[in-house]
Structure formats: C-alpha cells, structure tokens
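Everything below concerns the one structure shown next.
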Amino acid sequence: MNRAENSDSIPIDLILEILSRLPSKSVGRFHCVSKLWRSMLSSPYFKDLYLTRSSSRPRLLFVVHSVGEELHFYSSPQPQIPYEKSSLVVSADYHTTFPSENCNYASGLICFRGKGRSGEDAMPLICNPITGQYAELPKVIMHTTSEAFLGFDPVDKQFKILVDHHPYFPPRDRHIILTLGVQKLGWRSDIVCPKHYSYYWSKGICISGNIYYVALEKNILVIVCFDVRYEEFKVIEAECFNRKTPTLINYKGKLGGINWESGDSGAIELRMWVLHDVDKKEWSKYVYPFPENDVIKPQEFTVAGMTTRGEFVMFLLDTFKRFYVLYFNAEKNTLRSVEIQGFGETVSSVKVVVDHVEDFNFF
Numbered sequence: 260m261n262r263a264e265n266s267d268s269i270p271i272d273l274i275l276e277i278l279s280r281l282p283s284k285s286v287g288r289f290h291c292v293s294k295l296w297r298s299m300l301s302s303p304y305f306k307d308l309y310l311t312r313s314s315s316r317p318r319l320l321f322v323v324h325s326v327g328e329e330l331h332f333y334s335s336p337q338p339q340i341p342y343e344k345s346s347l348v349v350s351a352d353y354h355t356t357f358p359s360e361n362c363n364y365a366s367g368l369i370c371f372r373g374k375g376r377s378g379e380d381a382m383p384l385i386c387n388p389i390t391g392q393y394a395e396l397p398k399v400i401m402h403t404t405s406e407a408f409l410g411f412d413p414v415d416k417q418f419k420i421l422v423d424h425h426p427y428f429p430p431r432d433r434h435i436i437l438t439l440g441v442q443k444l445g446w447r448s449d450i451v452c453p454k455h456y457s458y459y460w461s462k463g464i465c466i467s468g469n470i471y472y473v474a475l476e477k478n479i480l481v482i483v484c485f486d487v488r489y490e491e492f493k494v495i496e497a498e499c500f501n502r503k504t505p506t507l508i509n510y511k512g513k514l515g516g517i518n519w520e521s522g523d524s525g526a527i528e529l530r531m532w533v534l535h536d537v538d539k540k541e542w543s544k545y546v547y548p549f550p551e552n553d554v555i556k557p558q559e560f561t562v563a564g565m566t567t568r569g570e571f572v573m574f575l576l577d578t579f580k581r582f583y584v585l586y587f588n589a590e591k592n593t594l595r596s597v598e599i600q601g602f603g604e605t606v607s608s609v610k611v612v613v614d615h616v617e618d619f620n621f622f
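Be aware that the sequence shown starts at 260, since it is given in the numbering used here, and climbs by one per residue.
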C-alpha cells in the first residue's frame with residue numbers, strides 16, 4: 260500500500276496493522292475519523308487482515324433474549340491461557356439488537372427465521388452481529404414446524420440457508436434452499452432427502468461445511484447431515500443417545516453429541532459421542548466424571564460447545580438473573596468459572612456461541 264502524501268506521516272499499511280489488533284468496537288468508531296479512514300477500514304485488504312488477527316483471539320458470542328421479543332448481541336473474550344483464579348467477573352461488550360425470537364449461527368453470521376403467521380410468507384434476515392449489517396432475503400412460506408438452518412461452505416466461501424418444512428410435506432417440497440451472494444437470490448426446491456424422517460429435535464450446527472441436526476425416524480433418533488457445498492443429505496442412526504436428545508457441539512472439527520448421565524456411583528458424568536466418519540457412520544464414546552464440589556450441579560448447566568483448547572463451555576442463567584460461564588477441562592478434571600455482566604435486568608434466556616471470530620465481511 261502507498262504512503263499518505265505527507266512523507267512524515269505513518270505509512271497506511273502500518274496504520275492498518277495497528278488497527279487490526281484493536282477490538283471491533285474501536286475499529287467501528289474509527290470509521291468516523293475521515294473519508295480516507297472509512298475507505299481504508301472498508302477495504303477487502305483490511306477486512307481479511309482483521310479476520311486473520313481475530314482468528315487467533317476467538318470470543319464468546321451471547322445471544323440474549325429479553326422480555327419484548329428482542330435479541331441482543333454481546334461478546335466477551337474467551338480465555339486462551341489458564342488463569343490463576345478459579346473464578347472471574349467479565350463485562351460483556353454490546354453490539355446490536357434485532358426484533359426477533361429465533362436465530363441460527365454459522366461462521367460469524369446470524370440468520371433470523373422471520374416473522375409471520377404459520378403458513379404465510381415470512382421475510383428471513385441475515386446479519387453480521389458485530390457490525391449490525393443486515394439484508395432482507397426473499398420471502399418464503401414458513402410454518403410452525405418449519406426451521407431455517409444457516410450453513411457455510413469453507414471451500415467456495417459461500418453461505419446457504421436450508422429450510423426444513425413440516426414432515427408431512429411431499430419429499431420434493433419439504434426442503435428448500437437459498438444461496439447467498441449470488442446475483443439473483445431465489446429459493447430452490449430441487450433437493451430431496453433420501454429418508455422420510457419426522458420431527459427434528461434440535462437446533463442445527465454447521466461444522467466443516469456440513470449442517471447437522473437431530474430428527475426422529477421410526478422412533479429412532481437420527482442425525483441429519485446436509486453437505487452445504489454439494490447439497491446432499493445423509494441420515495445417520497444415532498441410537499447411542501437412547502432417545503435423549505443430545506446437545507450438538509463442534510468437537511475438533513467433528514460432530515459431538517453430549518448428555519448428562521448418572522454413573523454407577525450416582526455421580527453426574529458428561530457423556531459424549533463423536534461422529535468420526537459420516538460415510539461409515541462410526542461413533543466413539545467418551546465419559547468424563549465431573550469434579551466433586553458442593554456448589555455446582557452440572558445438570559443445571561447447558562453445554563455450549565468446546566474451545567479449540569479442548570475445554571467444554573457451559574453456561575447458566577440463575578434465578579437472580581446472574582449469568583455464569585464454566586470452563587471444564589475434562590483431561591485435568593478442573594473447572595473455571597466466569598460471571599458475565601452487562602445483560603441488564605430484562606434478560607429471559609441466553610444462547611452462547613463458542614469460538615466466535617469477529618469478522619467485518621458480509622456475504
């Protein structure tokens with residue numbers, strides 16, 4: 260990049276290097292410095308540079324549902340190195356608010372299902388929770404049982420939205436898909452699942468270019484796997500969960516399903532099944548005893564996922580509206596607790612996204 264006209268000024272590439280290390284809120288404020296700075300910070304070069312820097316400092320993204328049917332987005336640093344204290348207090352950074360009840364996450368973006376009565380047209384939204392950028396998508400008929408899943412293809416760098424309609428829809432009409440970032444946006448119904456499963460039992464998760472969610476087929480739990488790039492379905496039996504719907508997480512780039520169970524001694528254990536091979540349908544089981552303590556009841560916490568460091572992340576909103584995040588190191592059998600503050604008094608529920616990377620790009 261070129262220097263500014265004044266030879267004594269700081270080179271622009273050095274300015275961008277410095278700004279790429281700042282929090283996203285600070286970068287957002289610097290857009291107002293001048294037209295030159297706005298242009299620099301909006302350039303593809305800086306966006307890619309910032310994404311590279313952010314990837315080394317992932318955060319927790321909080322989707323806070325408040326009274327009044329609004330979703331508020333916050334984030335906080337995700338500890339990358341062990342800290343001495345077993346508990347900390349952190350203030351979350353506020354980003355943006357959207358008038359919605361449901362959302363789905365993939366690779367830094369959020370998809371809102373859109374409002375509307377069952378069987379009527381709804382207008383889904385896609386947004387970047389860090390910048391507040393959003394786009395309205397083509398209208399689509401949504402039913403009470405319809406669910407929209409957001410997926411990302413890391414090869415072609417493309418987002419797609421998969422809508423799963425009511426199970427009694429004809430196979431040809433049950434699933435529709437929308438590809439983002441193309442010149443002409445439009446819903447397509449040219450994809451068909453090879454098996455006719457009934458209701459899905461979980462929110463979706465996108466891992467390494469595949470959307471996964473739990474469904475029920477002939478009274479047996481199955482994992483529905485949708486390849487975002489090739490737009491192909493696979494349905495994988497998951498009897499290992501014994502009809503107890505698991506929490507789906509990203510386990511080192513593979514699908515993991517987690518349940519709390521009582522062990523032989525009566526102690527609570529975290530049990531996880533990992534899908535190692537989608538085509539061969541190979542599962543592995545892991546059992547982790549929870550650290551003994553007189554305060555924390557693990558079954559009261561919701562598992563959000565696992566960090567790249569290998570710690571399970573759990574969270575709890577207590578009756579006093581206090582919000583806690585727990586980091587459970589299964590190998591060392593240790594716990595770290597963080598109280599997250601700043602959500603306000605009207606919070607009714609919270610969803611946590613692990614390893615969120617701040618990104619200024621939009622589809």
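Built from N, CA and C at the ideal position, the CB exists for glycine as well.
With distances taken between CB atoms, is the gap from residue i to residue j smaller than 8 Å?
i, j, result
"Arg431", "His424", "no"
"Val609", "Val323", "yes"
"Leu281", "His615", "no"
"Leu437", "Leu396", "yes"
"Glu617", "Ser313", "yes"
"Leu529", "Ile482", "no"
"His535", "Ser543", "yes"
"Cys370", "Ile435", "no"
"Met565", "Asn518", "no"
"Glu328", "Pro358", "yes"
"Lys454", "Glu476", "yes"
"Gly522", "Pro548", "yes"
"Leu278", "Phe289", "yes"
"Val441", "Val422", "no"
"Ser366", "Cys465", "yes"
"Phe602", "Leu585", "no"
For the candidate residues the options, whose alpha-carbon lies nearest to that of residue i?
i, options, result
"Ala394", "Arg312, Leu320, Ser325 and Leu384", "Leu384"
"Val348", "Thr355, Pro358, Ser335 and His354", "Ser335"
"Asp538", "Ile495, Phe500, Val562 and Gly569", "Ile495"
"Lys580", "Lys398, Glu598 and Tyr471", "Glu598"
"Val612", "Glu590, Gly463, Lys591 and Asn588", "Gly463"
"Gln600", "Tyr471, Lys591, Asp577 and Phe622", "Asp577"
"Ile232", "Tyr456, Glu491 and Glu328", "Summary: the structure shown does not reach residue 232, with the chain confined to residues 260 through 622, and so no result is reported for it."
"Ile450", "Ser293, Arg595 and Glu491", "Glu491"
"Asn361", "His354, Ala381, Ala474 and Leu507", "Ala381"
"Ser596", "Gln337, Glu476 and Ser461", "Gln337"
"Trp460", "Ser301, Gln417 and Leu507", "Leu507"
"Thr605", "Phe500, His331 and Ile466", "His331"
"Pro429", "Gly440, Cys452 and Phe418", "Cys452"
"Thr355", "Val533, Gln417 and Thr390", "Thr390"
"Tyr545", "Ser607, Glu590 and Thr567", "Glu590"
"Asn469", "Arg316, Arg502, Phe418 and Lys443", "Phe418"
"Ser283", "Asn592, Lys294 and Pro317", "Pro317"
"Arg297", "Asn588, Ile271 and Trp532", "Ile271"
"Gly287", "Val533, Thr404 and Tyr353", "Tyr353"
"Gly569", "Leu594, Asn552 and Ile555", "Leu594"
"Asn552", "Glu520, Thr567, Asn592 and Met531", "Asn592"
"Ala563", "Glu541, Asn501, Glu520 and Phe587", "Phe587"
"Thr567", "Val533, Ser607, Ser315 and Trp532", "Ser315"
Can you find a CB in chain C that lies within less than 8 Å of the CB of residue i?
i, result
"Lys511", "The displayed structure is made up of one protein chain only, and chain C is not part of it."
Just checking my contact of residue i with residue j at CB under 8 Å: how many whole Å lie between their CB atoms?
i, j, result
"Met401", "Gly373", "7 Å"
"Gly512", "Ala497", "That belief does not hold up - the Cβ atoms of Gly512 and Ala497 are roughly 19 Å apart, past 8 Å."
"Pro550", "Ile527", "Contact flag wrong, Cβ pair sits at about 10 Å."
"Asn363", "Phe621", "Going by Cβ atoms, the distance from Asn363 to Phe621 rounds to 17 Å, so no, they are not a contact pair."
"Phe571", "Phe582", "The Cβ separation is near 17 Å, so there is no contact."
"Pro426", "Tyr472", "Pro426 to Tyr472, Cβ: 13 Å. No contact."
"Tyr309", "Phe619", "6 Å"
"Phe305", "Leu275", "5 Å"
The ligand MG and residue i: does any heavy atom of the ligand fall closer than 7 Å to the residue's C-beta?
i, result
"Ser268", "Inclusion of the ligand MG in the displayed structure is not the case, the ligand content being empty and no account of it being possible."
Entirely within the segment 307-371 and at least 3 residues each: give me those beta strand (DSSP E) ranges in chain order.
318-325, 329-336, 346-350, 352-357, 362-365 and 368-371
With three or more beta-carbon pairs closer than 8 Å as the criterion, would you say the segment 407-421 touches the segment 477-488?
yes
Could you name each continuous alpha helix (DSSP H) segment of 4 residues or more that falls completely within the segment 400-444, going from the start of the chain to the end?
Entirely contained in the segment 400-444, the alpha helix (DSSP H) runs reaching 4 residues are, in chain order, 430-433.
At 3 residues or longer, what runs of the beta strand (DSSP E) sit wholly inside the segment 515-541?
527-536
Within the segment 543-576, note down every full alpha helix (DSSP H) run reaching 4 residues or more, in order along the chain.
none
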